[in-house]
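Just below is one structure, and these are the notes that go with it.
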(Lines of atoms letter the chains of each structure in order from A and count residues from 1; the text may use other names and numbers.)
(Lines give C-alpha, C1' and ligand atoms only; values in the text may rest on other atoms or scores of the structure.)
Protein backbone atom coordinates (compact mmCIF):
# COMPACT_ATOMS: atom_id res chain seq x y z
CA UNK A 1 0.00 0.00 0.00
CA UNK A 2 2.86 2.37 0.82
CA UNK A 3 4.50 1.64 -2.57
CA UNK A 4 1.22 2.47 -4.32
CA UNK A 5 0.89 5.79 -2.45
CA UNK A 6 4.45 6.67 -3.33
CA UNK A 7 3.96 5.97 -6.99
CA UNK A 8 0.61 7.88 -6.95
CA UNK A 9 2.24 10.88 -5.37
CA UNK A 10 5.11 10.92 -7.87
CA UNK A 11 2.68 10.74 -10.79
CA UNK A 12 0.12 13.27 -9.47
CA UNK A 13 2.42 15.86 -7.92
CA UNK A 14 2.97 17.90 -11.10
CA UNK A 15 -0.79 18.21 -11.55
CA UNK A 16 -1.23 19.99 -8.25
CA UNK A 17 1.81 22.20 -8.50
CA UNK A 18 1.59 25.64 -10.10
CA UNK A 19 3.99 28.62 -10.22
CA UNK A 20 4.07 30.69 -6.97
CA UNK A 21 1.00 28.82 -5.77
CA UNK A 22 0.52 25.62 -3.89
CA UNK A 23 -3.00 24.53 -3.93
CA UNK A 24 -4.38 22.77 -1.01
CA UNK A 25 -4.43 19.03 -1.49
CA UNK A 26 -4.61 15.94 0.48
CA UNK A 27 -1.15 15.10 1.85
CA UNK A 28 0.05 11.54 1.81
CA UNK A 29 2.46 10.56 4.50
CA UNK A 30 5.12 8.02 3.44
CA UNK A 31 6.22 5.51 5.98
CA UNK A 32 10.01 5.22 6.03
CA UNK A 33 9.82 1.62 7.29
CA UNK A 34 7.68 0.67 4.31
CA UNK A 35 10.23 2.15 1.96
CA UNK A 36 13.00 0.25 3.67
CA UNK A 37 11.05 -3.00 3.45
CA UNK A 38 10.32 -2.32 -0.17
CA UNK A 39 13.97 -1.76 -0.96
CA UNK A 40 14.94 -4.84 1.04
CA UNK A 41 12.34 -6.96 -0.79
CA UNK A 42 13.38 -5.43 -4.07
CA UNK A 43 17.04 -6.29 -3.38
CA UNK A 44 16.07 -9.84 -2.37
CA UNK A 45 13.99 -10.28 -5.49
CA UNK A 46 16.78 -8.79 -7.55
CA UNK A 47 19.26 -11.22 -5.97
CA UNK A 48 16.83 -14.08 -6.56
CA UNK A 49 16.35 -12.90 -10.11
CA UNK A 50 20.10 -12.60 -10.64
CA UNK A 51 20.60 -16.10 -9.25
CA UNK A 52 17.85 -17.44 -11.46
CA UNK A 53 19.25 -15.55 -14.45
CA UNK A 54 22.77 -16.89 -13.78
CA UNK A 55 21.41 -20.42 -13.45
CA UNK A 56 19.50 -19.98 -16.69
CA UNK A 57 22.57 -18.58 -18.39
CA UNK A 58 24.66 -21.50 -17.07
CA UNK A 59 22.00 -23.91 -18.21
CA UNK A 60 21.85 -22.22 -21.59
CA UNK A 61 25.64 -22.41 -21.88
CA UNK A 62 25.57 -26.06 -20.91
CA UNK A 63 22.88 -26.70 -23.48
CA UNK A 64 24.92 -24.74 -26.02
CA UNK A 65 28.00 -26.81 -25.21
CA UNK A 66 25.95 -29.99 -25.50
CA UNK A 67 24.53 -28.70 -28.75
CA UNK A 68 28.02 -27.91 -30.05
CA UNK A 69 29.29 -31.35 -28.98
CA UNK A 70 26.29 -32.96 -30.62
CA UNK A 71 26.82 -30.95 -33.79
CA UNK A 72 30.53 -31.86 -33.82
CA UNK A 73 29.66 -35.54 -33.44
CA UNK A 74 26.96 -35.24 -36.08
CA UNK A 75 29.38 -33.55 -38.45
CA UNK A 76 31.96 -36.30 -37.86
CA UNK A 77 29.30 -38.97 -38.33
CA UNK A 78 28.02 -37.15 -41.41
CA UNK A 79 31.55 -37.04 -42.84
CA UNK A 80 32.04 -40.75 -42.04
CA UNK A 81 28.69 -41.55 -43.64
CA UNK A 82 29.62 -39.52 -46.71
CA UNK A 83 32.91 -41.40 -46.97
CA UNK A 84 31.09 -44.71 -46.51
CA UNK A 85 28.58 -43.62 -49.12
CA UNK A 86 31.44 -42.84 -51.50
CA UNK A 87 33.01 -46.26 -50.84
CA UNK A 88 29.69 -48.03 -51.29
CA UNK A 89 29.09 -46.10 -54.49
CA UNK A 90 32.46 -47.24 -55.84
CA UNK A 91 31.70 -50.81 -54.75
CA UNK A 92 28.26 -50.58 -56.31
CA UNK A 93 29.76 -49.39 -59.59
CA UNK A 94 32.33 -52.18 -59.47
CA UNK A 95 29.61 -54.72 -58.63
CA UNK A 96 27.52 -53.38 -61.47
CA UNK A 97 30.46 -53.91 -63.83
CA UNK A 98 30.93 -57.46 -62.55
CA UNK A 99 27.22 -58.20 -62.84
CA UNK A 100 27.16 -56.84 -66.36
CA UNK A 101 30.12 -59.01 -67.29
CA UNK A 102 28.45 -62.06 -65.71
CA UNK A 103 25.23 -61.25 -67.50
CA UNK A 104 27.05 -61.25 -70.83
CA UNK A 105 28.79 -64.49 -69.88
CA UNK A 106 25.44 -66.06 -68.98
CA UNK A 107 24.06 -64.95 -72.33
CA UNK A 108 26.99 -66.67 -74.06
CA UNK A 109 26.41 -69.83 -72.02
CA UNK A 110 22.71 -69.76 -72.91
CA UNK A 111 23.63 -69.43 -76.59
CA UNK A 112 26.02 -72.36 -76.27
CA UNK A 113 23.33 -74.41 -74.54
CA UNK A 114 20.94 -73.62 -77.35
CA UNK A 115 23.55 -74.76 -79.86
CA UNK A 116 24.16 -77.93 -77.84
CA UNK A 117 20.42 -78.62 -77.71
CA UNK A 118 20.28 -78.13 -81.46
CA UNK A 119 23.19 -80.52 -81.92
CA UNK A 120 21.64 -82.93 -79.43
CA UNK A 121 18.52 -83.15 -81.57
CA UNK A 122 20.75 -84.40 -84.39
CA UNK A 123 22.60 -86.91 -82.19
CA UNK A 124 20.16 -89.88 -82.14
CA UNK A 125 20.77 -90.83 -85.81
CA UNK A 126 24.51 -90.40 -85.32
CA UNK A 127 24.41 -92.45 -82.11
CA UNK A 128 22.44 -95.20 -83.85
CA UNK A 129 24.99 -95.22 -86.66
CA UNK A 130 27.86 -95.38 -84.18
CA UNK A 131 26.15 -98.18 -82.27
CA UNK A 132 25.80 -100.11 -85.52
CA UNK A 133 29.46 -99.57 -86.35
CA UNK A 134 30.52 -100.52 -82.81
CA UNK A 135 28.40 -103.65 -83.03
CA UNK A 136 30.02 -104.54 -86.35
CA UNK A 137 33.49 -103.83 -84.98
CA UNK A 138 32.71 -105.91 -81.91
CA UNK A 139 31.54 -108.80 -84.03
CA UNK A 140 34.63 -108.47 -86.24
CA UNK A 141 36.87 -108.34 -83.18
CA UNK A 142 35.22 -111.44 -81.75
CA UNK A 143 35.70 -113.18 -85.08
CA UNK A 144 39.38 -112.19 -85.17
CA UNK A 145 39.75 -113.23 -81.55
CA UNK A 146 38.21 -116.62 -82.26
CA UNK A 147 40.47 -116.98 -85.29
CA UNK A 148 43.47 -116.09 -83.19
CA UNK A 149 42.44 -118.63 -80.59
CA UNK A 150 42.06 -121.26 -83.30
CA UNK A 151 45.49 -120.37 -84.69
CA UNK A 152 47.02 -120.59 -81.23
CA UNK A 153 45.30 -123.90 -80.61
CA UNK A 154 46.52 -125.14 -83.98
CA UNK A 155 50.04 -123.96 -83.23
CA UNK A 156 49.97 -125.63 -79.83
CA UNK A 157 48.72 -128.79 -81.47
CA UNK A 158 51.43 -128.68 -84.11
CA UNK A 159 54.05 -127.98 -81.47
CA UNK A 160 52.81 -130.92 -79.45
CA UNK A 161 52.77 -133.11 -82.54
CA UNK A 162 56.31 -132.09 -83.38
CA UNK A 163 57.48 -132.58 -79.81
CA UNK A 164 56.14 -136.13 -79.79
CA UNK A 165 58.17 -137.09 -82.81
CA UNK A 166 61.18 -134.99 -81.99
CA UNK A 167 63.00 -137.59 -79.96
CA UNK A 168 62.64 -140.14 -82.73
CA UNK A 169 63.75 -137.73 -85.45
CA UNK A 170 66.61 -136.34 -83.34
CA UNK A 171 68.08 -139.74 -82.66
CA UNK A 172 67.65 -141.25 -86.16
CA UNK A 173 67.61 -138.23 -88.49
CA UNK A 174 69.51 -135.57 -86.52
CA UNK A 175 66.50 -133.20 -86.46
CA UNK A 176 66.11 -130.29 -84.08
CA UNK A 177 63.65 -127.39 -84.07
CA UNK A 178 62.90 -124.26 -82.07
CA UNK A 179 60.40 -121.44 -82.07
CA UNK A 180 61.60 -118.07 -83.33
CA UNK A 181 58.86 -115.43 -83.34
CA UNK A 182 55.15 -116.01 -82.84
CA UNK A 183 53.89 -118.72 -85.24
CA UNK A 184 57.37 -119.20 -86.71
CA UNK A 185 59.45 -122.43 -86.41
CA UNK A 186 62.98 -123.30 -87.45
CA UNK A 187 63.96 -126.89 -88.32
CA UNK A 188 67.60 -127.97 -88.44
CA UNK A 189 68.97 -131.31 -89.79
CA UNK A 190 72.30 -133.00 -89.33
CA UNK A 191 73.45 -136.47 -90.43
CA UNK A 192 72.58 -135.70 -94.05
CA UNK A 193 75.97 -135.16 -95.63
CA UNK A 194 77.89 -138.46 -95.45
CA UNK A 195 81.15 -136.56 -95.60
CA UNK A 196 80.17 -134.07 -92.88
CA UNK A 197 77.70 -135.57 -90.42
CA UNK A 198 77.52 -132.38 -88.31
CA UNK A 199 76.77 -130.07 -91.25
CA UNK A 200 73.48 -128.25 -90.69
CA UNK A 201 70.59 -127.97 -93.16
CA UNK A 202 67.72 -125.77 -92.02
CA UNK A 203 64.45 -124.12 -93.01
CA UNK A 204 61.93 -121.81 -91.35
CA UNK A 205 58.16 -121.95 -91.78
CA UNK A 206 55.55 -119.41 -90.74
CA UNK A 207 52.13 -120.72 -89.65
CA UNK A 208 49.58 -118.24 -91.04
CA UNK A 209 46.49 -120.29 -90.27
CA UNK A 210 44.92 -123.68 -90.54
CA UNK A 211 46.64 -125.52 -93.43
CA UNK A 212 48.24 -122.21 -94.43
CA UNK A 213 52.05 -122.06 -94.23
CA UNK A 214 54.86 -120.05 -95.73
CA UNK A 215 58.49 -121.06 -96.22
CA UNK A 216 60.43 -117.97 -95.13
CA UNK A 217 63.97 -119.46 -95.19
CA UNK A 218 65.70 -122.49 -96.61
CA UNK A 219 69.48 -122.95 -96.17
CA UNK A 220 70.76 -124.20 -98.46
CA UNK A 221 67.84 -123.82 -100.82
CA UNK A 222 67.03 -126.55 -103.33
CA UNK A 223 64.76 -126.50 -106.43
CA UNK A 224 61.95 -128.61 -104.98
CA UNK A 225 61.43 -126.67 -101.74
CA UNK A 226 58.42 -124.74 -103.11
CA UNK A 227 56.78 -127.96 -104.26
CA UNK A 228 57.18 -129.30 -100.73
CA UNK A 229 55.48 -126.16 -99.37
CA UNK A 230 52.65 -126.50 -101.87
CA UNK A 231 52.06 -130.10 -100.78
CA UNK A 232 52.02 -128.99 -97.13
CA UNK A 233 49.36 -126.32 -97.76
CA UNK A 234 47.26 -128.84 -99.69
CA UNK A 235 47.41 -131.65 -97.15
CA UNK A 236 48.35 -130.00 -93.84
CA UNK A 237 50.64 -132.97 -93.17
CA UNK A 238 53.59 -131.33 -91.43
CA UNK A 239 55.36 -134.64 -90.76
CA UNK A 240 55.32 -135.48 -94.46
CA UNK A 241 56.60 -131.99 -95.28
CA UNK A 242 59.58 -132.40 -92.90
CA UNK A 243 60.44 -135.72 -94.50
CA UNK A 244 60.21 -134.19 -98.00
CA UNK A 245 62.45 -131.29 -96.99
CA UNK A 246 65.07 -133.71 -95.55
CA UNK A 247 64.91 -135.76 -98.70
CA UNK A 248 65.48 -132.61 -100.76
CA UNK A 249 68.55 -131.71 -98.72
CA UNK A 250 69.85 -135.29 -99.00
CA UNK A 251 69.42 -135.33 -102.77
CA UNK A 252 71.52 -132.12 -102.97
CA UNK A 253 74.53 -133.73 -101.35
CA UNK A 254 74.20 -137.19 -102.91
CA UNK A 255 73.51 -135.99 -106.45
CA UNK A 256 76.57 -136.65 -108.62
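Residue numbers (mature numbering (1 follows the signal peptide of the UniProt record, and there is no 0)): -18 to -1, 1 to 238.
Quick reminder that beta carbons are idealized off the backbone N, C-alpha and C, glycines included.
Cβ-Cβ distance between residue i and residue j below 9 angstroms
| i | j | result |
| --- | --- | --- |
| residue 231 | residue 174 | yes |
| residue 163 | residue 199 | no |
| residue 192 | residue 161 | no |
Residue i classed as buried or exposed, judged by whether at least 16 other C-beta atoms fall within 10 angstroms
| i | result |
| --- | --- |
| residue 183 | buried |
| residue 210 | buried |
| residue 104 | exposed |
| residue 139 | exposed |
| residue 189 | buried |
| residue 201 | exposed |
| residue 159 | buried |
| residue 157 | buried |
| residue 63 | exposed |
| residue 112 | exposed |
| residue 81 | exposed |
| residue 77 | exposed |
| residue 95 | exposed |
| residue 56 | exposed |
| residue 98 | exposed |
Candidates the options, of which the one nearest residue i by Cα
| i | options | result |
| --- | --- | --- |
| residue 142 | 36, 55, 221, 208 | 221 |
| residue 187 | 166, 170, 235, 194 | 166 |
| residue 225 | 36, 121, 185, 124 | 185 |
| residue 236 | 177, 68, 54, 117 | 177 |
For residue j and residue i, the rounded distance between their alpha carbons
| i | j | result |
| --- | --- | --- |
| residue 39 | residue 15 | 35 angstroms |
| residue 48 | residue 71 | 33 angstroms |
| residue 205 | residue 227 | 11 angstroms |
| residue 170 | residue 229 | 13 angstroms |
| residue 233 | residue 135 | 35 angstroms |
| residue 65 | residue 50 | 22 angstroms |
| residue 52 | residue 37 | 22 angstroms |
| residue 153 | residue 117 | 54 angstroms |
| residue 239 | residue 114 | Any property of residue 239 remains undetermined from this structure, which presents the chain solely from -18 to 238. |
| residue 19 | residue 28 | 14 angstroms |
| residue 194 | residue 128 | 17 angstroms |
| residue 34 | residue 25 | 14 angstroms |
| residue 110 | residue 119 | 14 angstroms |
| residue 214 | residue 102 | 58 angstroms |
| residue 106 | residue 92 | 22 angstroms |
Per DSSP, cross-strand counterpart(s) of residue i
| i | result |
| --- | --- |
| residue 161 | 167 |
| residue 184 | 170, 201 |
| residue 191 | 194 |
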